[in-house]
Amino acid sequence: MKIQQLKPSDLKPYFNNPRKNEDAVEKVAESIQAFGFKSPIIVDKNNVIIAGHTRLKAALKLGLEKIPVIVAKDLDEGKARAYRIADNRTSDFSYWDGEKLNRELEELDSELNFDWFDLFEEDDPEKFGADDFQNLNLGFEKGENHSIVVHFQTLEDLEKFGKIIEQKITPKTKYIWFPEKEIEHYGEVEFEES
Amino acid sequence: MGKSNLRNPKYPVYIISKGRWNNRLTVRALDSMNVPYHIVVEPAEHENYAEYIDGDKILVLPDDFSKLGRGSIPVRNWVWEHSIRRGVKRHWILDDNIRGFCFYNGRNFYKCKDGYCFRFIEDFADQFENVALAGMHYKTFIMKRVHKPEIRLNTRIYSCILINNALPYRWRGKYNEDTDLSLRVLKDGWCTVITTFFVALKMATMQMKGGNTDTIYKETRNRYEFAESLREQHPDVAKVVKRWGRWHHFVDYRPFKKNKLIPRKGGKIKDVYRFKPKLTERV
Numbered sequence: 029m030k031i032q033q034l035k036p037s038d039l040k041p042y043f044n045n046p047r048k049n050e051d052a053v054e055k056v057a058e059s060i061q062a063f064g065f066k067s068p069i070i071v072d073k074n075n076v077i078i079a080g081h082t083r084l085k086a087a088l089k090l091g092l093e094k095i096p097v098i099v100a101k102d103l104d105e106g107k108a109r110a111y112r113i114a115d116n117r118t119s120d121f122s123y124w125d126g127e128k129l130n131r132e133l134e135e136l137d138s139e140l141n142f143d144w145f146d147l148f149e150e151d152d153p154e155k156f157g158a159d160d161f162q163n164l165n166l167g168f169e170k171g172e173n174h175s176i177v178v179h180f181q182t183l184e185d186l187e188k189f190g191k192i193i194e195q196k197i198t199p200k201t202k203y204i205w206f207p208e209k210e211i212e213h214y215g216e217v218e219f220e221e222s
Numbered sequence: 011m012g013k014s015n016l017r018n019p020k021y022p023v024y025i026i027s028k029g030r031w032n033n034r035l036t037v038r039a040l041d042s043m044n045v046p047y048h049i050v051v052e053p054a055e056h057e058n059y060a061e062y063i064d065g066d067k068i069l070v071l072p073d074d075f076s077k078l079g080r081g082s083i084p085v086r087n088w089v090w091e092h093s094i095r096r097g098v099k100r101h102w103i104l105d106d107n108i109r110g111f112c113f114y115n116g117r118n119f120y121k122c123k124d125g126y127c128f129r130f131i132e133d134f135a136d137q138f139e140n141v142a143l144a145g146m147h148y149k150t151f152i153m154k155r156v157h158k159p160e161i162r163l164n165t166r167i168y169s170c171i172l173i174n175n176a177l178p179y180r181w182r183g184k185y186n187e188d189t190d191l192s193l194r195v196l197k198d199g200w201c202t203v204i205t206t207f208f209v210a211l212k213m214a215t216m217q218m219k220g221g222n223t224d225t226i227y228k229e230t231r232n233r234y235e236f237a238e239s240l241r242e243q244h245p246d247v248a249k250v251v252k253r254w255g256r257w258h259h260f261v262d263y264r265p266f267k268k269n270k271l272i273p274r275k276g277g278k279i280k281d282v283y284r285f286k287p288k289l290t291e292r293v
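Just so you know, the sequences run in chain order B and A.
Under the working numbering, the first residue of the first sequence carries the number 29, and numbering increases by one thereafter.
Under the working numbering, the first residue of the second sequence carries the number 11, and numbering increases by one thereafter.
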């Protein structure tokens, strides 16, 4: 099977891709950055994607010039449609062996630039906000916080960024707030009957 | 019940403390909020604490407790029995390294000047038949990511815990005792409740002198052993993982999503919900 190197812009997403993959793009991009593009995208003879929509989005996000692609000339339109679903469904029938996964995680190099732990997020509790409980209204401020991921090509870039925003940032920094949230300087609150 | 009482806990608050009579972080925090409490100390340290704290606030443990070498576990169980003898439905148990309690309105943190944070959690828990443990999240966790002010269900409760006295369990083990207790109640279908809008300013474990830092934790500097002890207790949901070069326990709380709050028969929204925050911005 021949693997070709094509421009991401040469590939065409399938118009009716049934997979919602936005949440996965960031993690796939991190994986590609850490290990390279190791799993080719599969397209039909017209360069329409059969498997690899998320990888394409990750490649575009990373600004990659060329990515590995396999043209599946042997799949007609019907088979391509079926494979597009099968390729995504097969992982649904497998699951993690906790002990083996644990051993693998233990052996990981902690210096790798990849947030492994987030892939196995432990704590995803049921959450209730003010709308869920009658009269639970303590004057909360709504939805003005935002998060973005900023990548640095070099340690110097990271240090330069820290100077620009006037915050101490090191390679171990996992999060910051801008403006910086002061740790010890609070307002005060007391509660009154309304 | 007078208005002021609605801004203070109705259940007894116990601080368990060892070797920290000089800094008394939790005591200072509660004093500043006018929240009543008892501090539970070993007999050998009674005089040290009595120099700074009113005698009627100090509960002295029996003589043999300090010789058990099991950290805070026997003390925690002693507190549990003590509160049952008082005939109360729940009790608070607080670590002695909490610097304060804050209200988070989704944007900023405000130090609580009264004990409404405790009362709110108590009244919320009392609306339901099956709240086993309730408490406040740590401020550090809320700081890390973008969080909404909310109530979370069925996860671990730690350091500042409201315990249902009817629970058939008691504290056990040596490390991770709060995670262990949380898991035991969750496995039996109880619910746990934690707020992200009332939060505790907690010093990190093992970073402050006193407590069990110099005894229990000193015996076992190996973080792997802490994590492994929890995995042995709960192999179905707990694992040991290495993250950022250190060992951690890893708990999957997803199986407990099926535990649902059961409204108490005849339960009503309490008067306490009529209270609103009056914020004073930092200068």
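Backbone N, C-alpha and C fix where the C-beta goes; we use that ideal spot for every residue, glycine too.
Same chain, Cβ closer than 6 Å to residue i, five either side skipped, listed in chain order
i	result
A/F207	Y114 and P159
A/L289	Y120
A/Y234	W257
A/W181	I83, R86, N87 and E187
A/L271	F138 and C201
A/N105	The sequence given here places Asp at residue 105 of chain A; Asn does not occur at that position. Cβ neighbours of A/D105 beyond the five flanking positions: S169.
A/L69	H48 and V50
A/N174	R100 and A142
A/G199	N269
A/A248	L240, R241, H259 and V261
A/H244	L193
7 Å CB neighbourhood of residue i in its chain, flanking five on each side removed
i	result
A/Q217	Note that A/Q217 has pLDDT 47, beneath the 50 cutoff, so the model's placement of it is unreliable and the number below is only indicative. Around A/Q217: no qualifying Cβ.
A/H147	I204, T205, T206 and V209
B/L34	K94, I95 and V97
B/I193	F206
B/Y214	none
A/K67	Y47, H48 and I49
A/A60	I68
Per DSSP, cross-strand counterpart(s) of residue i
i	result
A/N174	A/R100
A/I68	A/I49
A/M146	A/T205
A/R34	Its beta-bridge partners do not exist; DSSP assigns none.
B/Q32	B/V97
B/Y203	None, per the DSSP bridge assignment.
B/F65	Its beta-bridge partners do not exist; DSSP assigns none.
A/E132	DSSP output for A/E132 lists no bridge partner at all.
A/H92	None; A/H92 has no bridge partner.
B/G215	A/Y120
A/G81	Paired residue(s): none; A/G81 is not in a bridge.
A/H288	The displayed chain sequence assigns Lys, not His, to residue 288 of chain A. Partner(s): B/E218.
A/F138	A/P273
A/W304	Only positions 11 to 293 of chain A appear in this structure, which leaves residue 304 of chain A out of reach.
A/G110	A/L211
B/I70	B/A79 and B/I98
A/V23	A/W102
Nearest-angstrom beta carbon gap, residue j and residue i [assumed within contact, 8 Å]
i	j	result
A/V209	A/L163	At roughly 17 Å, the Cβ-Cβ gap does not stay under 8 Å, so A/V209 and A/L163 are not in contact.
B/E169	A/G116	4 Å
B/A62	B/L90	The Cβ separation is near 12 Å, so there is no contact.
A/T189	A/V250	In fact, because the Cβ distance is near 13 Å, the residues do not count as touching under 8 Å.
A/V23	A/V45	6 Å
B/Q32	B/V76	The pair is not a contact, with the Cβ atoms about 15 Å apart (cut-off 8 Å).
B/K209	A/M153	6 Å
A/K20	A/R129	7 Å
A/P53	A/L40	The pair is not a contact, with the Cβ atoms about 23 Å apart (cut-off 8 Å).
B/E221	A/F285	6 Å
A/I161	A/I103	With 8 Å as the limit, A/I161 and A/I103 do not qualify as a contact, their Cβ atoms being about 20 Å apart.
Neighbourhood of residue i by C-beta, 8 Å cutoff - its chain only, sequence neighbours within 5 removed
i	result
A/M342	Outside the displayed range of chain A (11 to 293) lies residue 342 of chain A, so it cannot be described from this structure.
B/I78	Y42, I70, V71, D72, A100, L103, A108, Y111, R112 and D115
B/Q195	I204, F206 and E208
A/R10	Because residue 10 of chain A is not part of the residues shown, which for chain A are 11 to 293, the question remains open.
B/R83	V56, I60, F65, S67, I69 and I95
What residues in the segment 111-126 of chain A bring their beta carbon closer than 7 Å to a beta carbon of chain B? Contact annotation: in the segment 111-126 of chain A, residues whose CB is within less than 7 Å of a CB in chain B are C112, F113, N115, G116, R117, N118, F119, Y120, K121, C122, K123, D124 and Y126.
Every unbroken beta strand (DSSP E) within the segment 74-119 of chain B, with a cutoff of 3 residues, ordered by chain: DSSP runs (the beta strand (DSSP E)) wholly in the segment 74-119 of chain B: 77-79 and 95-99.
The segment 234-245 of chain A: positions lying closer than 7 Å to chain B by Cβ: Cβ contacts with chain B come from no residue of the segment 234-245 of chain A.
Of the residues that make up the segment 257-268 of chain A, which ones have a beta carbon closer than 7 Å to any beta carbon in chain B? From the segment 257-268 of chain A, only F260, V261, D262, Y263, R264 and K267 have a Cβ closer than 7 Å to chain B.
Cβ-based contacts, 7 Å cut-off: residues of the segment 182-209 of chain A near chain B: So the close ones are F207.
By the 9 Å beta-carbon criterion, what residues does the segment 196-209 of chain B contribute toward chain A? From the segment 196-209 of chain B, only K200, K202, Y203, W205 and K209 have a Cβ closer than 9 Å to chain A.
Contact list for the segment 45-59 of chain B against chain A, Cβ threshold 9 Å: Listed in chain order, the positions of the segment 45-59 of chain B with a beta carbon within less than 9 Å of a beta carbon of chain A would be empty, since no residue qualifies.
Closer than 8 Å between beta carbons: that is the criterion. Which residues of the segment 65-93 of chain B meet it against chain A? Within the segment 65-93 of chain B, not one residue has a Cβ closer than 8 Å to any Cβ of chain A.
Pull out every residue of the segment 33-55 of chain A whose Cβ sits closer than 8 Å to any Cβ of chain B, in chain order. Within the segment 33-55 of chain A, no residue has its Cβ closer than 8 Å to any Cβ of chain B.
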